[in-house]
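Quick notes on the structure that follows.
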Amino acid sequence: MSGYHERFLGAEELPRTLSDFDVERFFELTPADVLSIKERFRADRRLGPALQLVFLRATGRPLNRLAVVPKALLRSLAKALDLTPTTIATLRSIYRRRETLYDHQRWAREQLGLAPFDKTVQGDLQQELDLAARDAVSIDDLVGLARRWLQGRKVMLAADSTLRDVARAAYAQIEQAALQVVEAAVPAQEREICEAIMFHPTSESGGETVMEWLKAPPAKHSPSTLNEVLGKIAVLKRLGADRWNLDGIALARQRAYAQAIVNRPPSESRRRKDSTQAVEMVCFLRITLLELSDTALYLAGRRVSDLVRRATSKSDGKRAQSAVDYRQRLVSIRQIVNDTSRTAEQRLEAIAAQIPDELDAVPLSGAALTRRTLTDEPVGVRALLDGMRGLDFAADPKDTTLRQWNVWSALRETGAKELPVGDEQPSVGSAWSDLVGDADRTRALRAFEASTMMAMRKALRRGSVWLDHSLSFRDRDSLLIPAGEWERDRDHYLALLDQPASADAMLEPLLANVRAGLAAVSEAVAAGELTIGADGQLHLPALQALDEDIHPKKTSKALFEAIGEQQFPDLLIELDAQTNFSEALLGHKAGSSEELLATYAALLAHGTEVDAKGVAAMIPSLKPSQVTAAMRSLQAPGRLRRANERVVEFQRKLPLAELWGPGDRASADMMALDASQHLWNARVDPRRRTYAAGIYTHVLDRYGIVYDQPIVLNERQAGAAIEGVVRHNTAQSADQLARLSLLAVDTHGYTHAGMTASKVVGFDLCPRLRNLSERKLYVPNGWVTGKDFDSSIEAIVDASVALRPVRAGWDGVLRIGASVVSGLVSAPVALRHLGEAAAGDQVRRAADQLGRLLRTVFLCDYFTNRAFRRELHTLLNRGEAVHQLQRAIYYGKVAPERGRRPDEMVAISGAHALLTNVVIAWNTSRMQQVVDRWRKQGMTIEDAWLRRLGPVHFGHINFRGVFSFGIERYADALIQARRADTGRTWA
Numbered sequence: 000m001s002g003y004h005e006r007f008l009g010a011e012e013l014p015r016t017l018s019d020f021d022v023e024r025f026f027e028l029t030p031a032d033v034l035s036i037k038e039r040f041r042a043d044r045r046l047g048p049a050l051q052l053v054f055l056r057a058t059g060r061p062l063n064r065l066a067v068v069p070k071a072l073l074r075s076l077a078k079a080l081d082l083t084p085t086t087i088a089t090l091r092s093i094y095r096r097r098e099t100l101y102d103h104q105r106w107a108r109e110q111l112g113l114a115p116f117d118k119t120v121q122g123d124l125q126q127e128l129d130l131a132a133r134d135a136v137s138i139d140d141l142v143g144l145a146r147r148w149l150q151g152r153k154v155m156l157a158a159d160s161t162l163r164d165v166a167r168a169a170y171a172q173i174e175q176a177a178l179q180v181v182e183a184a185v186p187a188q189e190r191e192i193c194e195a196i197m198f199h200p201t202s203e204s205g206g207e208t209v210m211e212w213l214k215a216p217p218a219k220h221s222p223s224t225l226n227e228v229l230g231k232i233a234v235l236k237r238l239g240a241d242r243w244n245l246d247g248i249a250l251a252r253q254r255a256y257a258q259a260i261v262n263r264p265p266s267e268s269r270r271r272k273d274s275t276q277a278v279e280m281v282c283f284l285r286i287t288l289l290e291l292s293d294t295a296l297y298l299a300g301r302r303v304s305d306l307v308r309r310a311t312s313k314s315d316g317k318r319a320q321s322a323v324d325y326r327q328r329l330v331s332i333r334q335i336v337n338d339t340s341r342t343a344e345q346r347l348e349a350i351a352a353q354i355p356d357e358l359d360a361v362p363l364s365g366a367a368l369t370r371r372t373l374t375d376e377p378v379g380v381r382a383l384l385d386g387m388r389g390l391d392f393a394a395d396p397k398d399t400t401l402r403q404w405n406v407w408s409a410l411r412e413t414g415a416k417e418l419p420v421g422d423e424q425p426s427v428g429s430a431w432s433d434l435v436g437d438a439d440r441t442r443a444l445r446a447f448e449a450s451t452m453m454a455m456r457k458a459l460r461r462g463s464v465w466l467d468h469s470l471s472f473r474d475r476d477s478l479l480i481p482a483g484e485w486e487r488d489r490d491h492y493l494a495l496l497d498q499p500a501s502a503d504a505m506l507e508p509l510l511a512n513v514r515a516g517l518a519a520v521s522e523a524v525a526a527g528e529l530t531i532g533a534d535g536q537l538h539l540p541a542l543q544a545l546d547e548d549i550h551p552k553k554t555s556k557a558l559f560e561a562i563g564e565q566q567f568p569d570l571l572i573e574l575d576a577q578t579n580f581s582e583a584l585l586g587h588k589a590g591s592s593e594e595l596l597a598t599y600a601a602l603l604a605h606g607t608e609v610d611a612k613g614v615a616a617m618i619p620s621l622k623p624s625q626v627t628a629a630m631r632s633l634q635a636p637g638r639l640r641r642a643n644e645r646v647v648e649f650q651r652k653l654p655l656a657e658l659w660g661p662g663d664r665a666s667a668d669m670m671a672l673d674a675s676q677h678l679w680n681a682r683v684d685p686r687r688r689t690y691a692a693g694i695y696t697h698v699l700d701r702y703g704i705v706y707d708q709p710i711v712l713n714e715r716q717a718g719a720a721i722e723g724v725v726r727h728n729t730a731q732s733a734d735q736l737a738r739l740s741l742l743a744v745d746t747h748g749y750t751h752a753g754m755t756a757s758k759v760v761g762f763d764l765c766p767r768l769r770n771l772s773e774r775k776l777y778v779p780n781g782w783v784t785g786k787d788f789d790s791s792i793e794a795i796v797d798a799s800v801a802l803r804p805v806r807a808g809w810d811g812v813l814r815i816g817a818s819v820v821s822g823l824v825s826a827p828v829a830l831r832h833l834g835e836a837a838a839g840d841q842v843r844r845a846a847d848q849l850g851r852l853l854r855t856v857f858l859c860d861y862f863t864n865r866a867f868r869r870e871l872h873t874l875l876n877r878g879e880a881v882h883q884l885q886r887a888i889y890y891g892k893v894a895p896e897r898g899r900r901p902d903e904m905v906a907i908s909g910a911h912a913l914l915t916n917v918v919i920a921w922n923t924s925r926m927q928q929v930v931d932r933w934r935k936q937g938m939t940i941e942d943a944w945l946r947r948l949g950p951v952h953f954g955h956i957n958f959r960g961v962f963s964f965g966i967e968r969y970a971d972a973l974i975q976a977r978r979a980d981t982g983r984t985w986a
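For the sequence shown, counting from 1, position 54 maps to 53 in numbering that gives the first Met the number 0; every step adds exactly one.
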């Protein structure tokens, strides 16, 4: 269920105002309702039961108080029942007899088929929450789940106090179970040592407590930062954190316990009762070890890239100098040849002197020169490897990379200065064999170290070498559905993926589509719609611009002139009143105006470049400490995502938004946020040549951002593209129409394995390829010209796809896809194991070969269907338009002290997406209101004009300055009313 549909779930009274849109979505009578009311009640008594019916359906609770009934709701009910509009006083007069109120409520319950909340239901709910509490991070989350569970089973909602008591019992039970797991996994003596050490300074912590030292996130990317991270890992391993088995506590719960330590000062953590402190302390140490291990391997990978890049630069300089020297020698040789004053023998001797003593028999490639430079100038290689010796790597016993690592470790233990010779010489890859076999054994040892460094980096990326105390560099098999479970429940997972069990059943229709696509391309070439140049490259004609129409431009200008200048705080609070996204952010309705104001401030501090102190200056009634505390609250897992879902769902349901697209298509691209070079996960943006952190967004064809995630620049984005669609579709499982079926990306957003993975998990990945050389059409090997495809397109067809690996690896591909959909592993991690580093892996080759065929089918459609090509470009252009709005909201830099922790970057990304969605949804809503008003006034506004407009305008919005929130105007909709809970339930 989408969060937006939960907006009124659990409400106990009506807000003072309801928009016509809210009435239509949540409180409208159906024809069956009207018929039942007219049959059961006389005309002057129909409005009361109608009100009870729509309220009970929307909230799950009976309406006991008629303090306020919105006029829009009264009008809607009266119109549906063919009654004259009435007043609230009339309704109150009906319910002067309490028996009449109870009778109407009882009828509404029976009409909706709702069961009472009794002891049996409470017991079933307790069992459900006991299971859900394993992953829940707060009691508020459990209360929300309880409401949804009861509504889904058509049961009346109990009083909030009752639901909260059930949630507390489930939460307490899980905490007790977590304590038992901790006591079983961590000996009492180790727990005592941890507690004693955490609150005292040590030499490693530089005067601060060990807890504060461990909580401090990494600084900038540098060897010193890597050494500090490795030092923290060593301390945690000495405490035994790498040996603790906490699998009995869900990872989400472990994170929540760890986050509680991070968000509190050490003095406050020390005051917690012993049992709570033990659970939080152990989970904090364990999660910190897992995260630091990931960070260490990531920093080590970047360090390897730095060393290789430096070696490449030096080798390029040597090659350039070598070319200069070579030319100078040629000039000298020509002079010698033309020197007639010398004899022939003298000239030969002079020419021989020009030839260097060391000359390679075969010219070295650029990669070979880089390897030689790494060997001859190995600055940093040994230091990097020495730092990683404290990590306990594991691998399959047959893995050659781990054997190479173990050999190098043994050589370091013995202090060897030279590499052994003969049978004792360790084996390496063919690319390094010449250097490792060098007669100079000291040089050979340096080559072996460089070879080990490169091999370990590749093995970690493909997952053949792993680290048990890590989150994303663990054993590849442990990240997937267990093999036994996969064999047992394979049919269930195949139904979940909607994929055939056999590769041949999948390949047969796919190959038929390939043949049809190739035929369409050859027809387009024959008709002159496509051309194949003399260079063998396919050339597409540019898309013709749509006919110039002045009406959309005039309409857009008039619309936003009618909307007028706006202040950002007004947008936030007005949209919150329409969607209650603040309730999703807090996990409950705000208890006071101060809490609500602090939530808005935290959203601004996370989602813009302004920090907590700056936001407090913009909102004079707040202190920086209040903003900081609210910022930590927003970092709770899932809350920003649920708030975004509410806003997007509200926007996409507006009639105007439905004109912009069917709602099942999106584009995905990265936006670079400028960042300090002191942020360890920042990289240089190749376009703007500044340090930046990436935010990857999925933009709906109706403009809303349906998913966001932080990523690292300059890496393939196919995993992030697939992850966003899978998580969005999983959240929309109850609404099939809201699921994405197509995603447009640029060249960085696809790989061949990514094409396969997207198809397996249920959508089409459609890349806009930048290079003409990538427009090859891959077909199975054995297909021949004239038989399987026309000779006119032979130049762009590559018959190199092997079908045998696809059949052999199909089961492994399905297992990975099912693991991604089930949430066991993220798509970026799964695709990293299917990347270039995994060359030779059976599943990787199957995904690569199948992806080439899928790309051929897509490209044939892209080449021959102009409407399809225009649609993809439109989707990508809309994504770029949303990026412009995002930059208007966040136009500065990510501060160096922010974004160093993963949860901080997730909060920055989510808050920024939410602020963007608020602007888009508010613009759409106001545009809808203006269009509806104009049409009522008799103005002609064609849908064709509105389709060419968009809600990403921001010139009329002031995003900065002193902010004033008119909370009092929307207090009844946004702030929980303070009154006694009657606890009344229906029997």
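Heads up, the beta-carbon is just placed ideally off N, CA and C, and yes, glycines get one too.
Counted as a single uninterrupted DSSP element, the alpha helix (DSSP H) harbouring W431 occupies residues 429 to 435.
With 16 or more other Cβ atoms inside 10 Å of its own Cβ, Y702 counts as buried.
Only residues of its own chain outside the window of five on either side were considered, and among them L213, L291 have a CB closer than 7 Å to the CB of K231, listed in chain order. It is roughly 14 Å from the alpha-carbon of V180 to the alpha-carbon of A171.
Secondary structure note for M669: its beta strand (DSSP E) is the uninterrupted segment 664 to 673. Separation of W407 and P419 (C-alpha to C-alpha, rounded to the nearest whole angstrom) is 11 Å. Here Q841 is not near A801, since their CB atoms are 8 Å or more apart.
Excluding sequence positions up to five before and after T755, its CB lies within less than 7 Å of the CB of V812, A846, L849, G850, L853, all in the same chain and listed in chain order. Considering only G9, K153, P265, D134, the residue with the shortest C-alpha distance to G247 is D134. Looking only at A169, T85, W809, the smallest Cα-Cα distance to A502 is reached by W809. The three-state reading of DSSP puts G483 in helix, counting H, G and I together. Taking each of E582, D305, V705 in turn and checking the Cα distance to N728, the smallest one comes out for V705.
As summarised for the stretch 313 to 361, the continuous alpha helix (DSSP H) elements at least 4 residues long and confined to that stretch are 343 to 353, given in chain order.
Collapsing the DSSP output to three states places H538 in a strand. Using a Cβ distance threshold of 8 Å, A132 and L124 do not count as a contacting pair.
The straight-line gap separating the alpha-carbon atoms of S740 and D569 is approximately 35 Å. Contiguous beta strand (DSSP E) elements confined to the stretch 648 to 727 occur at 664 to 673, 690 to 699, 704 to 710, taking only those with 3 or more residues. In the structure shown, P84 falls within a coil segment according to DSSP collapsed to helix, strand and coil.
Linking V819 to L558 through their CA atoms gives a straight-line distance of about 44 Å. Note on E5: 16 or more other CB atoms within 10 angstroms of its CB, so buried under the neighbour-count rule. Cβ-Cβ distances below 7 Å link N922 to P950, H952 in the same chain, with the five nearest sequence neighbours on each side left out; the list follows chain order. Selection G151, S364, V336, A494 evaluated against S314 yields S364 as nearest (Cα-Cα). The stretch 592 to 646 is shown to contain whole alpha helix (DSSP H) runs of 4 or more residues at 592 to 606, 611 to 617, 623 to 633, in chain order.
For L852, the enclosing alpha helix (DSSP H) starts and ends at 841 to 863. A straight-line Cα-Cα distance of about 18 Å links A866 and G662. Around the CB of D684, 16 or more other CB atoms lie within 10 Å, so the residue is classed as buried. The distance from the Cβ of F567 to that of R645 is about 19 Å, inconsistent with a contact at the 8 Å cut-off.
In the same chain as A218, and ignoring 5 residues on each side of it, the C-beta atoms closer than 7 Å to its own belong to T224, H677, W679, in chain order. By the neighbour-count criterion, in which 16 or more other beta carbons inside 10 Å mark a residue as buried, I792 falls on the buried side. As DSSP reads the structure, Y749 sits in no beta bridge. Short of 7 Å from the beta carbon of A145, and not among the five residues preceding or following it, lie these beta carbons of its own chain, in chain order: L124, L128, L162, V165, A166. Judged by their CB atoms, L493 and A500 are nearer to each other than the 8 Å cut-off. For the alpha helix (DSSP H) assignment, the uninterrupted runs of no fewer than 4 residues enclosed by the stretch 355 to 397 are, from N- to C-terminal side, 365 to 375, 380 to 387. Nearest neighbour of W106 by Cα position, chosen from I36, S666, S75, turns out to be I36. Ranked by how close their Cα comes to the Cα of K622, the residues T607, E207, T598, R641 have T598 in first place. Residue burial is scored here from C-beta neighbours: E11 has at least 16 other C-beta atoms within 10 angstroms and is therefore classed as buried.
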